[in-house]
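In my numbering, the protein residues as written are 1 to 614. Note that the Cβ used here is the ideal one computed from N, Cα and C, for glycine as well. What you are looking at is a predicted structure, and each value in this text was computed from that prediction instead of being measured.
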Amino acid sequence: MSTVKKNISEVDGATIRFAGDSGDGMQLTGSQFSDNTAIFGNDLATLPDFPAEIRAPKGSLAGVSSFQLQFSNKDIHTPGDDLDVLVAMNPAGLKVHLGELKDNGMLIINTANFTSKNIKLAGYDDNPLDGNSLDGYQVIKVDMTKLVATALEDLGLSSKLKARSTNMFALGLLYWLYGRSLDSSINFIQKKFAKAPDIVEANLKALNSGYYYGETLEVIKTTYRVNKAKFEKGKYRNIMGNNALALGLLTAAQRSGLDLYYGGYPITPASDILHYLAQYKSFGVKTFQAEDEIAGVVSAIGAAFAGNLAITATSGPGVALKSEALGLAVITELPLVLVNVQRGGPSTGLPTKTEQSDLNQAIYGRNGEAPMVVLAAATPSDCFIMAYESCRIALKYMIPVILLSDGYIANGSEPWKIPDINTLPKMETRIQKKKEGYAPYNHGNPDLARPWALPGTPGMEHRVGGLEKWEETGHVSYDPENHQRMVELRQNKIYIIARDIAPAKPFGKESGDLLVIGWGGTHGAIRSAVETAQDEGMSVSHLHLRHLNPFPKNLGEILVKFQKVMIAELNLGQLSTIIRSKFLVDAVGLNKIQGKPFTQTEVYNEITKLVKGA
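Spelled out as structure tokens, the structure:
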């Protein structure tokens, strides 16, 4: 095979995006490039973007699926703003994503799908490949479908099966462009399709065809190299947020000596937590796929009563359905962890799009005074430690905990340093073993945690229910003074937990012109923007909150040390409202509700306005 001599350019990093129809395998392609990148040793961050319309017409704008990846030889926090490379498998993918490709960026197009029907479905009047509308980009037109069909012609596969391997061609071409080995994807294909040797051969041939096609391309004069990043010494793996959550929960169960029970209804984007945990029955994990949200949570409450580490997971609409049962968990003071992987709302909203839509619901969304601890993970790998932290607090204080994640970090991935579990915080439980001095609702210890008496323990018989409890005995009580005492006790437990939270510490100076506050998946964009602003000499710091109820005890002291406070969140200002009311700080909101995460540029521009008055 003839080849064209290429120049090799070393770059610090790159941002690429695969885009096509929901049936084109963009998520698999992006995941494979991510895993390969992690194995190579780059720092990385990903942004999978699923179509909200599950059965959108093929070739339509609503059916576009994409996967974005930024990888670098330096420490990065986001999947990137502007694209260096866009792989568009059809006109809809081009239409939706072209606006984010850099000037002179590389545009790789599968010309086979640019049929008159698909062009019309994408909203084009004419074929965008024919005119001069793409002149500002490096356009690589490849009939991937035809090349794959030619490579597979001796396998006896149908045209449909041949076409399904086209994504592997695109993956091979990108591997070539960035000088990557095919080995990780070869191993993946051989394992995934082990029971279908013809599919293994088809995908391997398509992968190799894409790689070696790059060698023949005269229009690409330069390939790129992104060298390894420097990581702290340790063992790493690439991990998605939902998988990290599941592993954090499993680790908490192992460290506490309890069996893990998961009861939940499968719902986007939380379903993977159930699927992942179901693989670990050998570790004492019990999973129950309920018929509805209410059954999932009440089964978990029952499991907590029986002495299990009880977990349920859902998204915002599911939390709304579970709210009455959560009130039961509050009044019975049982350790329960609810994971809420947030998505765009209200109602069923945007199931596949990210949003920080549920903070108000998490803190206030129950009848009566029903306080729950609320935590939020910041990154895909942080999901592990925050899942562990949620379980620690629930077990130590006998209180239900809500852990907020979101679609962005749940489906995103990054390198994760596998921790030594012996270095993780100790797990305490309140399981009562001696009947002397036992009372079901005895809150005499400093943590206000009632004893956890397991069913069947002689001398510790008790009942629970949703009616107000008499202090100590737990008997039903309608006494007004007792009701007030119990309401205050449940709230005081929240205040006490604040003592058990590490003090907040800003990134940057502890005083200055501007403090940017974030929570949840906004961490990466804010941190990157603040680092850029600091490098330019601006007096700006970043404080990321992972404990939202209660807040860190020193939060108020930090806020007053800055001239201005900005709170960036993917809603209309839910955290802003809470902080303004609690601390009387005139916080400015940066708000976005588009089903997309912040870009670094969006946050940076707002920082510049507030600091420089521009």
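- Taking a cut-off of 8 angstroms for Cβ pairs, the stretch 203-210 and the stretch 167-179 touch, as three or more such pairs fall below it.
- In the displayed model, LYS553 falls within coil according to three-state DSSP, outside both helix and strand.
- In the three-state DSSP reduction, ALA370 falls in the coil class, being neither helix nor strand.
- Around the beta-carbon of VAL476, fewer than 16 other beta-carbon atoms lie within 10 Å, marking it exposed.
- The Cβ atoms of ALA278 and LEU548 lie no closer than 9 angstroms to each other.
- Straight through space, the alpha carbons of LEU545 and ILE578 are spaced by roughly 13 angstroms.
- Shown here, GLY512 sits in a strand according to DSSP, grouped into three states.
- Counting of Cβ neighbours within 10 angstroms places TYR441 among the buried residues, the total reaching 16 or more.
- When the alpha-carbon of PHE114 is set against those of LEU86, LEU107, GLY59 and GLN68, the nearest one is in GLY59.
- Going by beta carbons, LEU514 and PHE562 fall inside the 9 angstroms limit.
- Non-local C-beta neighbours of SER576 in its own chain, meaning closer than 6 angstroms and more than five positions away in sequence, comprise ILE567, ALA587 and GLY589, ordered along the chain.
- In this chain, the alpha helix (DSSP H) harbouring ASP272 covers 271-277.
- In the DSSP assignment, TRP416 falls within the beta strand (DSSP E) that extends over 413-417.
- Counting only residues of its own chain and dropping the five nearest sequence neighbours on each side, LEU28 has a CB closer than 7 angstroms to the CB of ASN167.
- Inclusion of VAL337 and ALA310 in the CB contact set at 9 angstroms is warranted, their separation being smaller than that value.
- Every beta strand (DSSP E) of 3 residues or more that sits fully in the stretch 272-321 is shown, in chain order, as 286-289 and 309-314.
- Within the same chain, and ignoring the five residues on either side of TRP176 in sequence, the residues whose Cβ sits closer than 6 angstroms to its Cβ are TYR211 and GLY214.
- For SER65, no alpha helix (DSSP H) run applies; the uninterrupted beta strand (DSSP E) run containing it begins and ends at 64-72, by DSSP.
- Counting along the chain, PRO48 sits inside the beta strand (DSSP E) bounded by residues 43-49.
- The closest CA to that of LEU448, considering only ALA14, LEU395 and LEU69, is found on LEU395.
- Taking 4 residues as the minimum length, the alpha helix (DSSP H) runs contained wholly in the stretch 160-225 are 166-177, 183-192 and 197-216, in order along the chain.
- The residue from SER133, GLY595 and VAL339 with its alpha-carbon nearest to that of ALA52 is GLY595.
- Buried is the label assigned to GLN32, since at least 16 other Cβ atoms lie within 10 Å of its Cβ.
- Taking 3 residues as the minimum length, the beta strand (DSSP E) runs contained wholly in the stretch 386-410 are 401-406, in order along the chain.
- Looking from the CA of MET398, the closest CA among GLN491, LYS434 and ARG55 belongs to GLN491.
- GLU569: not part of any alpha helix (DSSP H); member of the beta strand (DSSP E) spanning 562-569, first to last residue.
- Non-local C-beta neighbours of LYS281 in its own chain, meaning closer than 7 angstroms and more than five positions away in sequence, are absent.
- For ASN242, the enclosing alpha helix (DSSP H) has its first and last residue at 241-256.
- Under the DSSP assignment, SER34 falls outside any beta strand (DSSP E), being part of the alpha helix (DSSP H) whose first and last residues are 26-40.
- Nearest to ASN127 by alpha-carbon distance, out of LEU69, PRO425, TYR388 and ALA112, is ALA112.
- According to the DSSP secondary-structure assignment, ILE109 is paired through a beta bridge with ALA88 and LYS141.
- Linking GLU510 to LYS233 through their CA atoms gives a straight-line distance of about 29 angstroms.
- Taking LEU321 as the centre and dropping the five residues before and after it, the same chain places the C-beta of GLU293 and ILE294 closer than 7 angstroms to its C-beta, in chain order.
- For the pair of segments examined, the stretch 407-426 was found not to touch the stretch 360-374: the number of CB pairs separated by less than 8 angstroms stays below three.
- Taking the CA atoms as reference points, LEU274 sits about 25 angstroms from TRP519.
- By DSSP's assignment, SER9 forms a beta bridge with TYR224.
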